[in-house]
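Take full-length UniProt numbering: the final residue in the sequence shown is number 166, and no numbers are missing along the way.
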Amino acid sequence: MFKNLAHTGKFALNRALTRRSAPSMLKSGELIRSFQSSAVSFHGHIKKPKPGEELHITFITKEGEMKTFEVAEGDNLLDIAQANHLDVEGACGGSCACSTCHMIIDPAYYDKIPEPDDDENDMLDLAFGLTETSRLGCQVVMTKDLDGIRIALPTMTRNLINKDMN
């Protein structure tokens, strides 16, 4: 039954690959699984902003360098920082179970963000260098009201997940 299929489509490709690939390692007629990959240009779930709908965010790194990016509405600060290769850990993967994505929000924008819930407040209590405008980056989502926001990255973070593993 499969003999007829071996000359067409996917089976023909696999058969041709089998002939060209290390014959001593493959049994006659054995299929080779192909691997396909596409390039990833962004980390996580970040979206590229549509033309004319860009929002702007500036991160102040631990070294004091200012880095401004164009982002889309709906992306959270942790994903934006990581997609742009900033030094923000996010050890829990953005599930609000650690404080490693602790960020300090510009006071001019702090009241434009919904208040932190109890889970976020509990994690913020563990953050190193907590301020009045501290938030977890995984819990703050970009909106049009936050266009132009400035975020300071603290000089240190406290990763209790890794500490407990050592």
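Here a beta-carbon is modelled for each residue, glycine too, at the ideal position from N, C-alpha and C.
Item, Value
"CB of N76 within 8 Å of CB of V140, strictly", "yes"
"Bridge partners - I60, DSSP secondary structure assignment", "M66 and A152"
"One or two residues paired with V141 in a DSSP bridge", "N76"
"Check: G94 C-beta below 7 Å from any heavy atom of the ligand ZN", "The ligand ZN is absent from the structure shown, which contains no ligands of any kind."
"Integer-rounded CB distance, given that C101 should sit under 8 Å from E120", "In fact, because the Cβ distance is near 11 Å, the residues do not count as touching under 8 Å."
"Any 3 or more C-beta pairs closer than 8 Å across the region 108-116 and the region 44-56", "no"
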